[in-house]
Structure formats: structure tokens, C-alpha cells
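Using our numbering, the letters of the sequence shown map in sequence onto residues 1 to 441.
C-beta: ideal position from N, C-alpha, C; glycine also.
As the structure is a computational prediction, the values presented were derived from the model and not from experiment.
Heads up: the structure comes next, in C-alpha cells.
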Amino acid sequence: MNSQLEMETLVSLCKRRGFIFQSSEIYGGINGFWDYGPYGIAMKRAIEKLWWSEMVETRDNVVGLDSTVICNPKVWKASGHLDQFGDMMTDCKECKSRFRVDTMDDPNVCPKCGSTQLTEPREFNLMMKTFVGPVFDEEHVAYLRAETCQSIFTDFHSVRIATRQKLPFGVAQVGKAFRNEINPRNFIFRSREFSQMEMEFFCFEEDCMEWYKYWKEQRVKYYHEKLGFSEDVLRIHDHDTLAHYAKAALDIEYKFPFGWGELEGVHHRGTFDLTRHQESSGESMEYFDQENKRKVIPTVIETSVGLDRTFLAVLCNAYDVDEASTQKEDKKHDIRTVMRFPAAIAPVQIAVLPLSKKLSETAEKVYKDLRSKYRSEFDVTGSIGKRYRRQDEIGTPYCVTIDFDTLDDDCVTIRNRDCMSQERISLSQLTSYFYDKLFIN
Ligand code: GAP
1 MNSQLEMETL
11 VSLCKRRGFI
21 FQSSEIYGGI
31 NGFWDYGPYG
41 IAMKRAIEKL
51 WWSEMVETRD
61 NVVGLDSTVI
71 CNPKVWKASG
81 HLDQFGDMMT
91 DCKECKSRFR
101 VDTMDDPNVC
111 PKCGSTQLTE
121 PREFNLMMKT
131 FVGPVFDEEH
141 VAYLRAETCQ
151 SIFTDFHSVR
161 IATRQKLPFG
171 VAQVGKAFRN
181 EINPRNFIFR
191 SREFSQMEME
201 FFCFEEDCME
211 WYKYWKEQRV
221 KYYHEKLGFS
231 EDVLRIHDHD
241 TLAHYAKAAL
251 DIEYKFPFGW
261 GELEGVHHRG
271 TFDLTRHQES
281 SGESMEYFDQ
291 ENKRKVIPTV
301 IETSVGLDRT
311 FLAVLCNAYD
321 VDEASTQKED
331 KKHDIRTVMR
341 FPAAIAPVQI
351 AVLPLSKKLS
361 ETAEKVYKDL
371 RSKYRSEFDV
381 TGSIGKRYRR
391 QDEIGTPYCV
401 TIDFDTLDDD
411 CVTIRNRDCM
421 SQERISLSQL
431 TSYFYDKLFI
441 N
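Put into C-alpha cells, the structure is as follows:
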């Protein structure tokens, strides 16, 4: 990552290139909500797919779930969210700003204007409320889920019976979560609507610390090997204080331009969630251990990561500025902005660029063939230099250029985003040339 990267630069690149826009911007936006544009959604889906492949599809002992955003409100009573899921907040009477007390250096001084005229701190619940059914009264109140994992606990037996899984096994889920954050900030780092990728691993209590260590190592390895994060932008933060039921907890943090921030939590949740749902619903959450002829409530190790935060870390990690040769008269080099995304998650993996409109027909055939296998784009507009610059900012790892020689020799030029090297390849080898480079699983 370029160490000088400012968040404003990234936000403006995201808007300009169609990664992320402010939600409902024509009405002034709405704080804490963001839309993913065409290139944004392509990369977000690719990241989600990569996580799903890593956590579910390549494992025999983890299965998937896709539960609803709204569920019976008793779930949130049992999980403790309705009573405890909140922050203390205070308002500045002078500049009217609102702050989370735990993020203020001095809880008696407004961080924005320096005033000491602050309201008494008061509890603020982060659950988003709605109504289900035609009557908008207390009886019909429901909540948008604040984390995706609660349904994994409530559906534990249904999933286990349907898949015939035995302990130890995990259940994974990707989906939207909603929190009425007091201070949404740092672009998509803290928003009010976001996506989580969570996995709850159910195991025997006596093995739980081994699994905790296993999942910690797996997740760190994933960031290094699959997302290309180096040692100096990733660190582990072990929690000093633990929830009463937890034996261990850690955050995997990324070094964002605004400082270190939590990317993922790996938490020992003990038997807390299943026990609470058992007490609250009256349904047994016990598991019968056939080998030892005993009933147990499984212990849970959780890995929980924000999809949007991963997206932001990938953006920060990929951003770079270097020099590229130019055909401009007075210059030899141009400054170029380049997003060095891992090829497997780049929003566009291959851009097909005919040097002249007259070559469009041949180029389109090449494009349609590649498009059926890789995320590809066709662009015939503007000078080739400008088209390369555009693809560099989108983070396209390979450009395939079709020139007049192609008509004679059936070869194309492949331009590499990172080193800007060019090589000539026969059209018949094109698909296999990309295979190793674009799939990393
Ligand atoms: N089930 C556990 C759980 O939800 P959490 O630490 O509150 O734990 C897990 O959230 C992850 O979800 C975080 O590490 C972060 O990546 C992401 N996340 C949490 N709040 C977020 C927010 N307001 N905006 C974006 N991502 C968020």
C-alpha cells in the first residue's frame, strides 16, 4: 500500500471509477449507507466467493446457511442484544455533534469544537427497529439483525440433522447486518448497513483451545496468501478483558490509512449462545456424543469478518502510484494510479482492447470467448494509453491488445498491469495462458 494514501483520494477514486457511491446521493445521501457500483459489486462478490470457497466449499466439516434478516424478536432478547447491545453517547450542546463516549480522549470535552457543554452520557441501543404486519404497535416490533450468527445458533439442530454432521463442525453464513451506529465513519469501515461473513464452529469443550488456535492460523494465512496482505499491515490484538463465558478472543487488525482497525474477530463464545437459546425457547440445544454416551452443549469458536471492511482493506492494499511511459509530446513519463488487486478478485480480470475500431469484429470474438470464463471487458474508445490508464485504476491485471498483425499471425499482445511488460501470445493459447493466473484456489 502507498503509505501516503489519504482516505479522500480513495473515496474519490471509488466514485470516479464506479466502485462505491454514497447512497441516495441526489438527496444529499444518508449517513452510514453506501452503494456498490458496477466494479464494486463485481469485486465484492469475488471476495465473498473467495471466502465461501475458503471456509465452506473446500472443507468437509463446514456447511452453509442463508437465514433471514428479520427473525422472531425473542432471538434478540435471548442473545442479549435488546438489553446490552449499546454504546454510551453524548451530544455537544454547542456544535450539535454526537459522540460515542468510549471513543473520546476526554469525555468532558467535545472532540470537534472543544466545548465542555456536553449532555449527560446516555445509553443508545444499536438494534434497528421495524414492524412486521399491518399494525405499527409494540406487539408487531421486529429488528433487523445486528449480526448474522444468531440464526446459526437457533438453526443448529436443523442444520446438523439435515447434513448429518457430527461434532466438530462449522456453519457459515454471509449476509447483511444492520447497526444504528452513533458515528458511522471512515467510509465503509463503520456503516449502518454492512455485510458479515461469519462461521460458528461447534466443538467439544475439551478441544476448544486447539480449534481456537487452528482457526486463528487459518484466517491469518488466508489474509497473507489469498489477499496478499503483508506482515507489516496485519497484526493480532489479543483481548485483555474477556466476556465472562469466553476463554480467549482476538481481533485480526489491518493498518488502514486512518490507523489500525479490526478486520475480523476470532472468538471463543463458549456455550453462551446455545445455552441462552435453550433457556429462552425451552428447546434442547444439547448434542448427544455417541462415542462417550453423554449429552453436551457444544462450545463455539467464531470467526467473524466484515465483507465491507475486507473490501476497504483490499482497496487500501492495492492502491499504488508509479510512473508509466507516455506519448505526450513534452513528457517521457506520466504518473499513473494503479490498483494492484489480486487477480482472482479484480473486478475486471481481462480487458480486450482493439487498437482500431476496424479491428472490433476480430476483437469481439476474442472478448466473447474470454468473457465466458473470466470477468472481462471490451473497450474500443480513446487512445490506447488512456485505455490502459483506465484499466490500471480499475485494477485489471491483464489487457489483451488486438492490432493489425493479429489478422495475419493470429497473435495478440498481453500487457501486464503490474510491470507493464508486454508479450505476444497465440490466440489458441489464450484461455490456458490465463487459467493459472486468474484462479488461485
Ligand atoms: N458475531 C460477532 C460479531 O458480530 P463484531 O465484532 O461486532 O462481532 C464482526 O463484528 C465484524 O463485523 C467486525 O470485525 C467488522 O469487520 C464487521 N463490522 C462490525 N460492525 C461493523 C460496521 N458498523 N460496519 C462495517 N463492518 C462492521
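What's the gap between the Cα of Q429 and the Cα of L355?
The residue given as residue 429 occupies position 429 in the sequence shown. The residue given as residue 355 occupies position 355 in the sequence shown. The alpha-carbon atoms of Q429 and L355 are separated by roughly 21 Å.
So, at 7 Å on beta carbons, what are the nonlocal neighbours of G261 in its own chain, with the 5 sequence-adjacent residues on each side left out?
Numbered from its first residue, the sequence shown carries residue 261 at position 261. Same-chain partners within the cutoff: F189, E253 and Y254.
Suppose you measure from the CA of N441 to the CA of F434; what does that come to, to the nearest Å?
Residue numbering aside, residue 441 sits at position 441 when the sequence shown is read from its first letter. Residue numbering aside, residue 434 sits at position 434 when the sequence shown is read from its first letter. For N441, the predicted structure reports a pLDDT of 45, less than 50, and the residue's modelled location is therefore unreliable. The matter cannot be settled from this model.
So within the stretch 295-325, which uninterrupted alpha helix (DSSP H) runs reach at least 4 residues, ignoring any that extend past its ends?
As far as the stretch 295-325 is concerned, its whole alpha helix (DSSP H) runs of at least 4 residues are 307-318.
Exposed or buried, I301, counting other C-beta atoms within 10 Å across all chains shown (16 or more means buried)?
As a first step, residue 301 is located in the sequence shown; it is residue number 301 there, counting from the start. For I301, the number of other beta carbons within 10 angstroms of its own is at least 16, and it is reported as buried.
Using 10 angstroms around the beta-carbon of H81, count the other beta-carbons present and answer buried if the total reaches 16, otherwise exposed.
Translated into positions along the sequence shown, residue 81 becomes position 81. With a 10 Å radius around the Cβ and a threshold of 16 neighbouring Cβ atoms, H81 comes out buried.
Does the stretch 283-303 touch the stretch 315-326, meaning 3 or more C-beta pairs lie closer than 8 Å?
At 8 Å Cβ cutoff, the stretches do not touch.
Start and end of the beta strand (DSSP E) containing D35?
Taking the first residue of the sequence shown as position 1, residue 35 is located at position 35. Segment W34 to Y36, the beta strand (DSSP E) holding D35.
8 Å CB neighbourhood of S376 in its chain, flanking five on each side removed
Numbered from 1 along the sequence shown, position 376 holds the residue referred to as residue 376. If we look at S376 and ignore the five residues flanking it on each side, its Cβ neighbours are V348, Q349, I350, A351, V352, Y367 and L370.
Is any heavy atom in the ligand GAP found nearer than 7 Å to the beta carbon of G265?
Against the sequence shown, residue 265 aligns to sequence position 265. At least one heavy atom of the ligand GAP is nearer than 7 Å to the Cβ of G265, so yes.
For a test of your reading of the model: does the CB of F256 fall under 7 Å from any non-hydrogen atom of the ligand GAP? Yes or no.
Here the question's residue 256 lines up with position 256 in the sequence shown. At a cut-off of 7 Å, the beta-carbon of F256 does not count as near the ligand GAP: no heavy atom of the ligand is closer than that.
So is V141 buried or exposed if we call it buried at 16+ other beta carbons inside 10 Å?
Start at 1 with the first residue of the sequence shown, and residue 141 comes out as number 141. So V141 ends up on the exposed side.
Does the stretch 112-130 come within contact of the stretch 227-242, defined as at least 3 CB pairs closer than 8 Å?
The stretch 112-130 makes no contact with the stretch 227-242: fewer than 3 CB pairs, one atom from each, lie closer than 8 Å.
Which residue or residues does DSSP assign as beta-bridge partners of M199?
In the sequence shown, counting from the first residue as 1, residue 199 sits at position 199. In the DSSP assignment, M199 is bridged to A172 and T303.
Span separating the alpha-carbon of N416 from that of P397:
Reading the sequence shown from its first residue, position 416 is the one you call residue 416. Reading the sequence shown from its first residue, position 397 is the one you call residue 397. Here the C-alpha atom of N416 lies approximately 6 Å from the C-alpha atom of P397.
Inter-residue Cα distance where the pair is V314 and C419:
One-based indexing of the sequence shown puts residue 314 at position 314. One-based indexing of the sequence shown puts residue 419 at position 419. Near 20 Å, if we compare the C-alpha coordinates of C419 and V314.
Taking Cβ positions, are C149 and T299 nearer each other than 8 Å?
Taking the sequence shown and counting its residues from 1, the one referred to as residue 149 is at position 149. Taking the sequence shown and counting its residues from 1, the one referred to as residue 299 is at position 299. No. Outside cutoff.
Supposed contact pair K247 and A343 - C-beta distance, whole angstroms, cut 8 Å
Within the sequence shown, the letter at position 343 stands for residue 343. Within the sequence shown, the letter at position 247 stands for residue 247. In this structure, A343 and K247 do not form a Cβ contact; the two beta carbons are roughly 39 Å apart against a cut-off of 8 Å.
Alpha-carbon to alpha-carbon, D35 and G29
If you number the sequence shown from 1, residue 29 lands on position 29. If you number the sequence shown from 1, residue 35 lands on position 35. Taking the Cα positions, G29 is about 10 Å away from D35.
Can you tell me which residues form a DSSP beta bridge with C399?
On the sequence shown, position 399 is the one that residue 399 refers to. Under DSSP, C399 forms a beta bridge with A351 and R415.
Mind checking who W260 pairs with in its DSSP beta bridge?
If you number the sequence shown from 1, residue 260 lands on position 260. Bridge partners of W260: K255.
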